[in-house]
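**Q**
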Amino acid sequence: MHGTILTLLKRYVQTQYDHSTWIKLMELSGLEKVEFDHKTVYPDEHVYALIGHAAEMTGLSAGELHEKFGEYLVPDLMYMYQKLLRPEWKTLDMLEHTELTMHKKVRQEHAENAPPVLDVRRLGPDELVIDYVSPRRMSGLAVGIVRGLAAYYDEAERIDVLPTTADNGERVRIHVRRT
Ligand code: HEM
């Protein structure tokens, strides 16, 4: 997994909980000697271990934590890739263009980067369907990112996100509607 995601996970835990919680999580995950930086690609197992132990500590499910973390990621991701954004885009347009703009760029940046495939079909001006495909089974993160984008574009009250298949699968359909 991209080091940026891990450095943001660290900041998320430090700000939502505290620094000692992060140290504890790293110890429980057997990662006390690892220092994350945004240029390195880390084994996905690091993320699974950290989120798994965080779930045990907080009593939240791994899926819920993925969602919360996904929401938190959005402002930083948008800032980092701001050159690829168009000023006229709102939440649904952004979702429609992620695969062929942001995730495409992420794949080009490093051969080991493997963001999920997002097959997005726009059903109308206010509706679309995302088919998420990834062996990482992190569709909770995708749902959180959609919510984060809605907040970013000041549409949080109007955007409904409905995962329509089990949220722990490799293939998950997410229905997004603007009311
Ligand atoms: C500004 C927009 C976005 C940027 C810059 C971005 C960037 C990234 C990056 C760098 C990764 C790590 C990839 C890796 O380590 O191989 C990633 C993973 C991921 N992205 Fe995006 N992303 C964006 C939007 C989205 C959107 C809109 C969704 C879903 C609706 C999404 C869903 C995910 C998920 C679920 C992962 C976790 C890895 C996986 O499930 O395989 N991303 N993204």
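All residue numbers for the sequence shown refer to full-length UniProt numbering, where the first residue is 1 and numbers rise by one. Backbone N, C-alpha and C define an ideal beta-carbon position, used for all residues, glycine too.
Run through DSSP, which three-state label would P125 get?
**A** As a working note, residue 125 is residue 125 in the sequence shown. Coil.
**Q** What are the start and end residues of the alpha helix (DSSP H) that includes L8?
**A** Residue 8 sits at position 8 when you count from the first residue of the sequence shown. Counting along the chain, the alpha helix (DSSP H) containing L8 begins and ends at 3-16.
**Q** Does the ligand HEM have a heavy atom nearer than 6 angstroms to the CB of V172?
**A** As a first step, residue 172 must be located in the sequence shown, where it is residue number 172. Outside the cutoff, so no.
**Q** Could you check where the beta strand (DSSP E) with D160 kicks off and where it finishes?
**A** Within the sequence shown, the letter at position 160 stands for residue 160. Per DSSP, D160 belongs to the beta strand (DSSP E) from 159-163.
**Q** With three or more beta-carbon pairs closer than 8 angstroms as the criterion, would you say the segment 141-157 touches the segment 59-74?
**A** These segments touch.
**Q** Is V146 near the ligand HEM, judged by its Cβ being under 6 angstroms from some heavy atom?
**A** For the purposes of this step, residue 146 is identified with residue 146 of the sequence shown, where counting begins at 1. Because some heavy atom of the ligand HEM lies under 6 angstroms away, the Cβ of V146 counts as near it: yes.
**Q** Residue range of the alpha helix (DSSP H) that H110 falls in?
**A** Within the sequence shown, the letter at position 110 stands for residue 110. H110 -> no alpha helix (DSSP H), and no H or E assigned at all.
**Q** Could you check where the alpha helix (DSSP H) with V41 kicks off and where it finishes?
**A** Here residue 41 refers to the residue found at position 41 when the sequence shown is read from its first residue. V41 -> no alpha helix (DSSP H), and no H or E assigned at all.
**Q** Do the segment 78-89 and the segment 117-136 meet, that is, are 3 or more Cβ pairs less than 8 angstroms apart?
**A** Because the criterion of three Cβ pairs below 8 angstroms is not met, the segment 78-89 and the segment 117-136 do not touch.
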